[in-house]
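Read in order, the letters of the sequence shown are residues 553 to 817 in this note's numbering.
Below is one structure, written out as structure tokens, with a few remarks after it.
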Amino acid sequence: MMPAIRAGKSEAMKKKKRSQRDLVVQMLGFALLCSLMADGALAIRFPDPVSPRSNDSPSNRPLKTAVFALGCFWRSEAAFGCLNGVVRTTAGYAGGSKPNPEFRSLGDHAEAVQIEYDPKLINFRQLVDVFWSSHDSRQVFGQGPDVGQQYRSIIFTNGTEEARLASLSKEREQTKSRSSIVTTQIQQLGAFYPAEPEHQKFELKRNPFLLQLIGNMPEEELERSNLAAKLNGYAAELCPSKIQVHIDLKIDDILKKGWPLLRDV
Numbered sequence: 553m554m555p556a557i558r559a560g561k562s563e564a565m566k567k568k569k570r571s572q573r574d575l576v577v578q579m580l581g582f583a584l585l586c587s588l589m590a591d592g593a594l595a596i597r598f599p600d601p602v603s604p605r606s607n608d609s610p611s612n613r614p615l616k617t618a619v620f621a622l623g624c625f626w627r628s629e630a631a632f633g634c635l636n637g638v639v640r641t642t643a644g645y646a647g648g649s650k651p652n653p654e655f656r657s658l659g660d661h662a663e664a665v666q667i668e669y670d671p672k673l674i675n676f677r678q679l680v681d682v683f684w685s686s687h688d689s690r691q692v693f694g695q696g697p698d699v700g701q702q703y704r705s706i707i708f709t710n711g712t713e714e715a716r717l718a719s720l721s722k723e724r725e726q727t728k729s730r731s732s733i734v735t736t737q738i739q740q741l742g743a744f745y746p747a748e749p750e751h752q753k754f755e756l757k758r759n760p761f762l763l764q765l766i767g768n769m770p771e772e773e774l775e776r777s778n779l780a781a782k783l784n785g786y787a788a789e790l791c792p793s794k795i796q797v798h799i800d801l802k803i804d805d806i807l808k809k810g811w812p813l814l815r816d817v
């Protein structure tokens, strides 16, 4: 074969390979774009593992609800958000008689947090333990620097078994010291009123970096998100130490990779 013919065929083969490679790159690029569009944004975001329409629950098992009042609901909501088995948290008002209370017009309600949880992963007794460890139950007429009836300490119960567990836990708490009285009330739960949107996931909303990682999550989705509940606790540094470190590592990893998709923490 003549040298010129061989050179021509070699050049043709190179062009064919380049063309095939470019086609593959284009197809991969298109697939990546479709994937990012399907996630709803090209911004950095931690999407939840499941759609909020399916209740953002890690399982299809029925959930239970607990409500506690332990001071300012900004911190109270954060105290429970990181716990394994807690699906979502909501700041709100409970314990009073006024219909439809608002932040500037509470009536006789207390600031409270509603916790939806998977009873297969965490139980009411464990939540009560977190309640006691997350505030000063012996402080009168307030909590920390916050003064007023709205910050009083209450365990709300659903049924006689929860009331029994709450009473036993209060008795144990009282035995820890005889120099002061545990002021916590135990009350059958009536109505729980969710607080205004600006009070939901308050600690998370104060952290621009974490909000950037979440992306453009709508307010309604943010309020019901399991991921947002965890990051709210993380932002307040109220997660159990192992979970706090675990989330630290997850965030470090996403920053090193520069990749916007992280499904959960």
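In this text, a Cβ means the ideal position worked out from N, Cα and C, and glycines have one as well.
Just so it is clear, the structure is predicted and the values come from calculations on it, not from any experiment.
| Asked | Found |
| --- | --- |
| With a Cβ-Cβ cutoff of 8 Å, do I674 and L717 count as a contact? | no |
| Measuring alpha carbon to alpha carbon, tell me which of R640, A781 and R690 ends up nearest T735. | R690 |
| Assign V692 to one of two classes, buried (16 or more other C-beta atoms within 10 Å of its C-beta) or exposed (fewer than that). | exposed |
| Less than 8 Å between the C-beta atoms of V639 and D670, yes or no? | yes |
| Please report the straight-line C-alpha distance between A595 and E654, rounded to a whole angstrom. | Note on A595: pLDDT 36, under 50, position unreliable in the model; no value is reported. |
| Could you give the residue range of the alpha helix (DSSP H) that holds L783? | N778 to A787 |
| Look up F632 in the DSSP assignment and say whether it is helix, strand or coil. | helix |
| Taking S705 and Q737 to be in contact with their CB atoms under 8 Å, please state how far apart those CB atoms are, rounded to whole angstroms. | 7 Å |
| Assuming F625 contacts H751 under a Cβ cut-off of 8 Å, what Cβ separation, rounded to an integer in Å, is found between them? | 7 Å |
| Rounded to whole angstroms, what is the Cα-Cα separation between A630 and L756? | 9 Å |
| When you compare each of S628, S721, A664 and S732 to Q702 by their alpha carbons, which one comes out closest? | A664 |
| Do A646 and F754 have their beta-carbon atoms positioned less than 8 Å apart in this structure? | no |
| Are L762 and L779 touching if we call contact CB-CB under 8 Å? | no |
| Where do the ends of the beta strand (DSSP E) carrying Q726 lie? | No beta strand (DSSP E) holds Q726; the alpha helix (DSSP H) holding it covers T712 to T727. |
| In angstroms, rounded to a whole number, what distance separates the CA positions of N652 and D804? | 43 Å |
| Going by DSSP, what residue range makes up the beta strand (DSSP E) through E668? | A662 to Y669 |
| Could you give the first and the last residue of the continuous alpha helix (DSSP H) run that contains I795? | S793 to K809 |
| Going straight from the alpha carbon of E772 to that of G700, what length do you get? | 30 Å |
| Would you report the Cα separation of I707 and G810, rounded to the nearest angstrom? | 44 Å |
| Give the straight-line distance between the Cα atoms of D816 and E668, rounded to the nearest whole angstrom. | 18 Å |
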